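Note that this note's numbering gives residue 91 to position 88 of the sequence shown, counting from 1, and the numbers run on in steps of one.
Take a look at the structure below.
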Amino acid sequence: MELTKRDYDLPDSKGHFAEFGGRFVPETLIPALDSLEEHYLAAKENKLFNNELNQLLKYYCGRETPLYKAEEISKELGFNLWLKREDLNHTGAHKINNALGQILLAKKMGKKRIIAETGAGQHGVATAAVAAKFGFECIVYMGEEDIERQKLNVFRMNLMGAEIRPVSSGSKTLKDATNEAIRDWVSNVENTFYIIGSSVGPHPYPMLVRDFQSVIGKETIIQFKELTGLPLPDKLIACVGGGSNALGLFYPFLPYDVEIIGVEAGGKGVNTTQHAATLTKGEFGVLHGAASMMLQNEDGQVTLPHSISAGLDYPGIGPEHSYLSKSKRVKYKTATDDEALDAFKWMSEKEGIIPALETAHAIAYLKQKDNGISKNEHVILNLSGRGDKDVSTVEQSMKKKYE
């Protein structure tokens with residue numbers, strides 16, 4: 004059964020996905036958000052803007068990315084697994100799609116100082132790349148814990164001229180990097196454009212990040228039909244942290260009769276305190292400018308998440324994912340650190356493709372006994388990024404595991 008347009012054509016004019024979303028920010032940021040929304044809505048309908056973005060996506064980013072049938076895994080599991088190869092984008096992940104869209108908005112708005120937050124470093128690398136291309140100043144906030152486990156991406160950002168500002172507060176991960184980026188933005192709002200990397204934050208960010216990433220799903224619909232002759236796949240699967248790669252694949256499919264599964268980071272297990280399973284174990288709250296589900300204690304204070312993957316190590320989630328979960332349009336499952344490590348190794352050995360640890364959580368779901376995937380079904384998994392950045396983390400973890 005198809006949803007009605009009203010069910011998925013969100014957010015509303017105030018930036019809400021039902022009770023989720025909105026704006027919960029200092030007053031000084033409201034004019035900047037109003038201006039961003041105004042410029043984005045105009046750009047969306049502007050032929051010159053869209054032509055420039057499409058040219059950059061094609062010739063700078065390398066789109067369209069292939070939809071690839073993972074033959075060996077398909078044989079082993081008994082269903083047809085298709086990988087949307089976002090790992091083949093310039094800079095190695097889906098993050099460049101959104102960074103290109105937002106840098107063009109920054110140019111349009113006359114703001115040449117760019118700030119960003121990053122966890123796994125892929126958004127930081129993408130932002131550093133586009134800032135370098137356009138000759139803009141670039142400052143990236145990153146938790147000290149993530150700097151340590153993502154040294155390769157830190158070096159790549161420095162090579163492209165970005166300044167990395169380490170964050171030592173809290174858990175020293177993505178949540179804290181986002182806090183510092185917002186503080187910077189409040190202080191420098193007149194000349195600074197904040198490129199948010201996921202479908203989180205105050206309106207209009209969840210909307211525009213989703214829209215820029217929707218190129219993934221739009222390509223996939225066309226490619227799947229061309230490759231199989233079938234109108235639609237049976238299932239879509241993607242990992243979910245803040246949620247941009249997942250929404251990029253999911254959003255264009257929402258009106259259609261396709262089962263959709265998001266996979267969160269189960270960490271050491273969802274029945275422990277060491278996980279990042281926001282929708283599975285979280286409650287309604289406000290984080291980083293928007294109402295959504297989040298991990299919190301009885302007093303409503305944010306609790307520290309845990310994931311072996313820096314990109315999933317976040318206590319919140321995009322408001323649209325919260326809406327899709329509550330409305331039951333998307334099912335959200337979990338995969339543990341150990342399951343992700345096994346899946347990382349399995350994909351590498353079976354297909355010669357080293358996935359990001361984030362993506363490895365979605366891959367792990369394929370092997371779970373209760374995944375509900377039937378024989379011969381067509382399943383599309385968003386391979387959101389490549390695993391070069393994670394090789395050191397995986398090596399250390401496997402040494403510990405097998406000692």
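Virtual Cβ for every residue (Gly too), placed ideally from N, Cα, C.
Here the structure is a predicted model, which means the values were calculated and not measured.
1. Please name the residue, chosen from H42, E342, H381 and L162, that lies closest to E267 on a Cα-to-Cα basis.
2. From H324 to G265, what distance separates their C-alpha atoms?
3. Kindly list the residues whose CB is nearer than 7 Å to the CB of D393, restricted to its own chain and excluding five residues on each side of it in sequence; keep chain order.
4. Could you check which residue in L56, E22, K136 and E151 has the C-alpha nearest to that of A313?
5. Using the three-state DSSP reduction, which class does P236 fall into: helix, strand or coil?
6. Just the Cα atoms here: how many angstroms apart are D333 and E262?
7. Taking only three categories from DSSP, how would you classify F82?
8. With distances taken from CA atoms, which of G232, H126 and G18 is nearest G292?
9. Candidates A21, E286, I320 and T276: which alpha carbon is nearest L307's?
10. Given this structure, state the Cα-to-Cα distance separating D391 from F347, to the nearest angstrom.
11. Residues in its own chain within less than 6 Å of Y71 by CB, not counting five upstream and five downstream?
12. Let me check one thing: in DSSP terms, what residues is C141 bridge-paired to?
13. Kindly list the residues whose CB is nearer than 7 Å to the CB of M4, restricted to its own chain and excluding five residues on each side of it in sequence; keep chain order.
14. Taking 8 Å as the cut-off, does the region 39-51 touch the region 205-223 (at least 3 CB pairs, one atom from each stretch)?
15. Taking the beta carbon of P255 as the centre, do at least 16 other beta carbons fall within 10 Å, making it buried, or is it exposed?
16. Per DSSP, which residues does V170 bridge with? Please list them.
17. Considering only C-alpha positions, which residue in the set Q153, G113, D10 and N161 is nearest to G176?
18. Have a look at L6 and P29 and give me their C-alpha separation to the nearest angstrom.
19. Looking only at C-alpha atoms, which of I311, S310 and Y317 sits nearest to L298?
20. Among F287, F137, T68 and I167, whose alpha-carbon lies nearest the alpha-carbon of Y144?
21. Cα separation between G321 and N385?
22. Based on the DSSP secondary-structure assignment, which residues constitute the bridge partners of Q299?
23. Determine the DSSP secondary structure at R159, reduced to helix, strand or coil.
24. Roughly how many angstroms separate the alpha carbons of E75 and N83, rounded to a whole number?
25. Could you tell me the distance, in whole angstroms, from the CA atom of V305 to the CA atom of G285?
26. With burial defined as no fewer than 16 other Cβ atoms inside 10 Å of the residue's Cβ, what is the status of F52: buried or exposed?
27. On the DSSP bridge assignment, give the partners of E262 in chain order.
28. Counting only the same chain and skipping the five closest in sequence on each side, list residues whose C-beta sits under 6 Å from that of F27.
29. With C-beta atoms as the reference, is D237 less than 7 Å away from E380?
Taking the geometry as given:
1. Checked all of H42, E342, H381 and L162; the closest Cα to E267 is E342.
2. A straight line joining the alpha-carbon of H324 with that of G265 spans about 9 Å.
3. Counting only Cβ-Cβ distances below 7 Å, and skipping sequence neighbours, we find A359 and L360.
4. Here the closest residue by C-alpha is E151.
5. It is coil, neither helix nor strand.
6. A small fix is needed here, since residue 333 is Val in this sequence, not Asp. Each residue's alpha carbon lies about 7 Å from the other.
7. When DSSP states are grouped into helix, strand and coil, F82 belongs to the coil group.
8. Checking every option, the nearest Cα to that of G292 belongs to G18.
9. Nearest C-alpha to L307: T276.
10. Taking the CA atoms as reference points, D391 sits about 11 Å from F347.
11. Counting only residues of its own chain and dropping the five nearest sequence neighbours on each side, Y71 has a CB closer than 6 Å to the CB of L86 and R88.
12. C141 is bridged to I117.
13. Interpretation of M4 is limited by its pLDDT of 35, a score under 50 that renders its predicted location unreliable; no figure is taken from the coordinates.
14. As far as the Cβ criterion goes, the region 205-223 touches the region 39-51, which means the pair count is three or higher.
15. A residue is called buried once 16 or more other Cβ atoms fall within 10 Å of its Cβ, and P255 is buried on that count.
16. In the DSSP assignment, V170 is bridged to G146.
17. Looking at the sequence shown, residue 176 is not Gly but Thr. Out of Q153, G113, D10 and N161, Q153 has the C-alpha closest to the C-alpha of T176.
18. The predicted model places L6 with a pLDDT of 47, which falls under 50 and marks its position as unreliable; any figure quoted below should be read in that light. One alpha carbon belongs to L6, the other to P29, and they sit about 36 Å apart.
19. Of the candidates I311, S310 and Y317, the one whose C-alpha sits nearest the C-alpha of L298 is Y317.
20. Taking only the C-alpha atoms, the option nearest Y144 is I167.
21. Going from the Cα of G321 to the Cα of N385 covers about 18 Å.
22. Per DSSP, the beta-bridge partners of Q299 are V305.
23. In the three-state scheme derived from DSSP, where H, G and I count as helix and E and B as strand, R159 is classed as helix.
24. Taking the straight line joining both Cα atoms gives about 10 Å.
25. Rounded to the nearest angstrom, the two C-alpha atoms are 10 Å apart.
26. With 16 or more Cβ atoms within 10 Å of its Cβ, F52 is classed as buried.
27. Answer by DSSP bridge pairing, in chain order: K238.
28. Correct list, in chain order: V289 and G292.
29. Cβ distance < 7 Å, so D237 and E380 count as in contact.
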